[in-house]
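Chains S and E are the protein sequences, given in the same order. Throughout the first sequence, residue numbering follows our numbering, covering 1304 to 1435 in sequence. Throughout the second sequence, residue numbering follows our numbering, covering 1304 to 1435 in sequence. Glycine included, each C-beta is placed from N, C-alpha and C at the ideal position. From a predicted model like this one, the values you see are computed outputs, not experimental measurements. Below you'll find the structure, written out as structure tokens, and then a few comments.
Number of protein chains: 2
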Amino acid sequence: MKYIEKLRNSGLRPTKQRLKICEVLFDTEKTFHFTINDLSNKIKKQLNNKISLATIYNTVHAFEKKGYLKQIPINSNQTYFDTNVSDHHHFYDLNEQKLIDLENSDVGPIKILKKIEGKKIKSVEVLVKLED
Amino acid sequence: MKYIEKLRNSGLRPTKQRLKICEVLFDTEKTFHFTINDLSNKIKKQLNNKISLATIYNTVHAFEKKGYLKQIPINSNQTYFDTNVSDHHHFYDLNEQKLIDLENSDVGPIKILKKIEGKKIKSVEVLVKLED
DNA sequence: CACTTTTTTTAGAATCATTATAAAGTAGAA
DNA sequence: TTCTACTTTATAATGATTCTAAAAAAAGTG
Ligand SMILES: [Mn+2]
Ligand SMILES: [Mn+2]
Ligand SMILES: [Zn+2]
Ligand SMILES: [Zn+2]
């Protein structure tokens, strides 16, 4: 199975549940954005059986810590995650409440002119809100 | 009282509670970032008496809708608001969990090269995460 | 293989920010 | 003052996330 290595490298044992989560998250043509609830439903439909929410939360957070997933900063009652961990930005369609990727090349280079003593920049994320 | 007009213009009656909230939010030298809980505590300390959470939520949301406050998109369990409603961006210090303003002039101009049919850009917000 | 130890999964409970409810209070109009 | 609509409030409900502790699975040992 192709995700055993990925899990082992992250210090996670390749359990049945984690492998299924990997498959749903990473065995896709395109990357995508999701909430925990989205992910849980997708798994339930594919397995005709569920993986407990606690396991999904734990695994997603482990992947996030390892850099296999990113959280997207957005104002929502649910947390949005992204399987696209490359350096990129987002449109947020306020009417449809949907996230759309903006590749780094879709946004001109961003210059941050202010410096904070003793701190370094970890990431620069742009959120472009859209309306009709 | 200087906020009566502001409230009336927004279709909000100038009640004792709303005037106090205005005073805490807008009668300051500098703009600031806050959560509902921050605001509630500040009021409690100043009045030696509280304004109910429901009223604070309702009023803050009314001000947000009128454009007197902005929400800041950030991953936190609490919603962050900003009394600075000008077009600007933020540093987020991951260690201190603190927001710092980045004036528009602190960030070079941002070019969004991708267009979405039938949608127009409402805002462009940059979040720069900082670490030690 | 047994048997023990460690890790993982799970259902359900707890937490906590936010929203809803509905009764009591208040502002503004007449 | 009186009437009515709006507002505040305490409290309950909601819902995402986190915690807990017991059962299940995996790993280690000889
Ligand atoms: Mn998290
Ligand atoms: Mn809101
Ligand atoms: Zn994305
Ligand atoms: Zn700000």
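Would S/Phe1394 pass as an interface residue toward chain E - the criterion being a Cβ-Cβ separation below 9 angstroms?
Chain E contact via Cβ: present.
Of all Cβ atoms in chain S, is any one closer than 9 angstroms to the Cβ of E/Leu1433?
Output row for E/Leu1433: interface = yes.
Following the continuous beta strand (DSSP E) through S/Leu1433, name the residue where it begins and the one where it ends.
Taken as a continuous stretch (DSSP letters only), the beta strand (DSSP E) holding S/Leu1433 covers Lys1423 to Glu1434.
From what residue to what residue does the beta strand (DSSP E) around E/Gln1320 run?
Residue range Lys1319 to Phe1329 is occupied by the alpha helix (DSSP H) that includes E/Gln1320, with no beta strand (DSSP E) assigned at that position.
Express the C-alpha separation of S/Lys1417 and E/Gly1411 in angstroms, rounding to a whole number.
So the alpha carbons of these two residues sit roughly 11 angstroms apart.
Where does E/Leu1310 land, buried or exposed, given buried means 16+ other C-beta within 10 angstroms?
A buried status is given to E/Leu1310, since no fewer than 16 other beta-carbon atoms sit within 10 Å of its beta-carbon.
So is the beta-carbon of E/Leu1430 under 8 angstroms away from any non-hydrogen atom of ligand 3?
For ligand 3, not one heavy atom lies less than 8 angstroms from the Cβ of E/Leu1430.
C-beta contact flag for S/Leu1328 and S/Leu1372 at 9 angstroms:
Closer than 9 angstroms, so yes.
Tell me which residue opens and which closes the alpha helix (DSSP H) that E/Asp1341 is part of.
Its alpha helix (DSSP H) spans residues Ile1339 to Leu1350.
Terminal residues of the continuous beta strand (DSSP E) containing S/Ile1403?
From DSSP, the beta strand (DSSP E) with S/Ile1403 extends over Lys1401 to Glu1406.
Below 9 angstroms between beta carbons: does that hold for E/His1275 and E/Val1431?
Beyond the ends of chain E as shown, which are 1304 and 1435, falls residue 1275 of chain E; an answer cannot be given.
Report yes if the C-beta distance between S/His1336 and S/Phe1366 is below 9 angstroms; otherwise report no.
No.
Where the alpha helix (DSSP H) through S/Lys1369 begins and ends
Here the alpha helix (DSSP H) through S/Lys1369 covers Leu1356 to Lys1369.
Chain-ordered residues, beta carbon under 7 angstroms from a heavy atom of ligand 3:
Proximity to ligand 3 was defined by a C-beta distance below 7 angstroms to any of its heavy atoms, and the residues meeting it, in sequence along the chain, are S/Thr1334, S/His1336, S/Ile1375, S/Asp1385, S/Asn1387, S/His1391, S/His1393, S/Leu1402 and S/Asp1404.
Going by DSSP, what residue range makes up the beta strand (DSSP E) through S/Ile1375?
Per DSSP, S/Ile1375 belongs to the beta strand (DSSP E) from Lys1373 to Ile1375.
If you check the beta carbons only, do E/Asn1378 and S/Thr1382 fall under 9 angstroms apart?
The answer is yes: Cβ separation under 9 angstroms.
I need the boundaries of the beta strand (DSSP E) containing E/Phe1384, first residue and last residue.
Unbroken beta strand (DSSP E) run through E/Phe1384: Tyr1383 to Asp1385.
Look at the alpha carbon of E/Asn1387 and the alpha carbon of E/Glu1420, and state the distance between them as a whole number of angstroms.
Spanning the two alpha carbons is a distance of roughly 31 angstroms.
Under 7 angstroms Cβ to Cβ from S/Glu1434, same chain only, skipping five residues before and after it: list those, please.
Closer than 7 angstroms at Cβ, skipping near neighbours: Leu1397 and Asn1398.
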